[in-house]
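So for the sequence shown, the numbering used here puts the first residue at 280; every next one is plus one.
Cβ coordinates follow ideal geometry from the N, Cα and C atoms, glycine included.
Please read these numbers as outputs of a predicted model, since none were measured by experiment.
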Amino acid sequence: MVKVTICGAAGGIGQPLSLLVKLNPQVTELSLFDVVNVPGVGADLSHINSGAVTKSFLPSSREDKTALADSLKGSDMVIIPAGVPRKPGMTRDDLFNINAGIVQSLAEGIAENAPKALILIISNPVNSTVPIVAEVLKKKGVYDPARLFGVTTLDIVRANTFISQLYPEETKPTDFEVRVVGGHSGETIVPLYSLGAKSHFEKLSDEQKKTLINRVQFGGDEVVQAKNGAGSATLSMAYAGYRLAESLLKASAGTPVTECTFLNLDPSIKGAAEAKKLVGGLEYFSFPVKLSKDGIAEVEYQILEQVSDAEKQLLAVAEEQLAKNIEKGVSFVNK
Ligand code: NAD
Ligand code: LMR
């Protein structure tokens, strides 16, 4: 029996993500929460003859906390794509003022109704919203760092696609598995091509390497600009978010899987203390992690001991920016 709840299920990401989760044979209950339009999305999905029973939850007023509580109770996994997306000219940090409060209130609901759930945070700015959720759960006394995931999978998906596009005759995007570490915004995104795609990456000129890395770091902007005010990545994000959710479901059924995620480098997680030393003492960073039924089983910190000198420089820039993003999230809850 696996119950998955999606908060923000009626949105641009929420709808296709809900569809993908509805199709997963491991999921027995799909719970959809949103503050608008969710009964229609739920009714639509409920006609699909896959195993998951679909239920939707819409609050009757701003004060109504029952709908959220009912949607969350008994959840094994909660995925959060709730909040506003970017428009051209905005950074992810510009979303903080609105999304921080949304994520905080959803985290309070999780703490009270599904404290053991695996929590996947998609809402931007991920570098700050993940610390917000952690601080809320700490205050409520139910925090387990191994169960909290900042979803950075879209950066991995892009890193694989973009290098393959440079070798269209000889490669497919599925040939690559590039690890992307750091955070999820601009220069905090550090694709480790020297490890995941060494031979193809080394054949590129210095200028091509720079352009490729920049494209991964600012890939979100391409979609924001193309959508021209109508939002940011939704379909590729739903695919990426589902990939992490599916990997966790596979891991819970006993298949070992490694994925990158933005996590709290808490010493209770195997390898996290070593990881933290490698990133200048930062509390949060995206690393490849081994997954298990209880969430993050181990941080594969060794990857940072193998990076190139050029990647070390990118990491230094990422660390500096991340420190500020993390502090902003932590102090929002503790202000
Ligand atoms: P959207 O506006 O299409 O959908 C957001 C949904 O959230 C809406 O249906 C809205 O009603 C709902 N919502 C708002 N407040 C809520 C609340 N308190 N509780 C429940 N639901 C609530 O936006 P989108 O394109 O789906 O993007 C959602 C978020 O995901 C944005 O913050 C965006 O920046 C982020 N995002 C992250 C990544 C990533 O890689 N992590 C990628 C793409 C987008
Ligand atoms: C992305 O990387 O596509 C998302 O974080 C959305 C955005 O604002 O770019």
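- Within the stretch 498 to 548, complete alpha helix (DSSP H) segments of at least 4 residues are found at 498 to 506 and 514 to 531, given in chain order.
- Judged by the Cβ position, Ser407 fails to qualify as a neighbour of the ligand LMR at the 6 Å threshold, every heavy atom of the ligand being at least this far.
- Inclusion of Ser511 in the 6 Å shell around the ligand LMR follows from its C-beta lying nearer than that to a non-hydrogen atom of the ligand.
- Of the residues Ile327, Lys419, Ile401 and Leu351, the one whose Cα lies closest to the Cα of Pro338 is Leu351.
- Taking 7 Å as the cut-off, the beta carbon of Ser335 is found no closer than this to the beta carbon of Lys301.
- Beta-bridge pairing by DSSP links Val459 to Pro470.
- Taking a cut-off of 8 Å for Cβ pairs, the stretch 463 to 480 and the stretch 544 to 554 do not touch, as fewer than three such pairs fall below it.
- Taking Tyr580 as reference, the option from Pro567, Val495, Glu606 and Gly533 with the minimal CA-CA separation is Pro567.
- A check of alpha carbon separations from Gln600 across Thr534, Val578, Phe564 and Phe611 identifies Phe564 as the nearest.
- Not a single heavy atom of the ligand LMR lies less than 6 Å from the C-beta of Arg494.
- Bounds of the beta strand (DSSP E) holding Ala576 are Gly574 to Val578.
- At least one heavy atom of the ligand NAD lies closer than 6 Å to the C-beta of Asp313.
- In the structure shown, the three-state DSSP call for Pro360 is coil.
- For Pro567, the beta-bridge partners assigned by DSSP are Cys539.
- Annotation for Ala361 indicates a beta carbon within 6 Å of some heavy atom of the ligand NAD.
- The DSSP-derived three-state label of Val314 is coil.
- Cβ neighbours of Ala289 within its own chain (closer than 7 Å, five residues either side excluded): Asp313, Val315, Asn316, Val317 and Val320.
- Taken through DSSP and simplified to helix, strand or coil, Leu427 comes out as strand.
- If you draw a straight line from the Cα of Ser384 to the Cα of Cys539, it is about 26 Å long.
- Following the DSSP letters along the chain, one finds Lys591 inside the alpha helix (DSSP H) bounded by residues Asp588 to Asn613.
- DSSP places Thr284 within a strand segment (E or B) once states are collapsed to three.
- Residue pairing by DSSP places Phe336 opposite Phe312 in a beta bridge.
- An exposed status is given to Gln444, since fewer than 16 other beta-carbon atoms sit within 10 Å of its beta-carbon.
- Counting the other Cβ atoms within 10 Å of the Cβ of Lys282 gives 16 or more, which makes it buried.
- The beta carbon of Ala396 sits closer than 8 Å to the beta carbons of Thr284, Leu351, Ser354, Asp355, Met356, Val357, Ile389 and Arg426 from its chain, once the five residues preceding and following it are set aside; these are given in chain order.
- In this structure, Gly520 lies near Ile401, with their beta-carbon atoms less than 7 Å apart.
- For Gly559, the number of other beta carbons within 10 angstroms of its own is below 16, and it is reported as exposed.
- Per DSSP, reduced to three states, the secondary structure at Ile401 is coil, with no helix or strand assignment.
- Straight-line spacing of the CA atoms in Gly368 and Asp500 works out to 9 Å.
- In the three-state DSSP reduction, Leu491 falls in the helix class (H, G or I).
- From the listed residues Ala393, Thr307, Cys286 and Arg437, the smallest Cα separation to Tyr518 is found for Arg437.
- The Cβ atoms of Asn439 and Phe455 lie closer than 7 Å to each other.
- Residue side-chain check: Asn378 places its Cβ nearer than 6 Å to a non-hydrogen atom of the ligand NAD.
- Within the same chain, Cβ atoms closer than 7 Å to the Cβ of Leu433 are found at Ala512, Ser515, Met516 and Ala519, the five residues on either side in sequence being excluded.
- Between the ligand NAD and the CB of Gly291, the shortest heavy atom gap is smaller than 6 Å.
- When DSSP states are grouped into helix, strand and coil, Ile292 belongs to the coil group.
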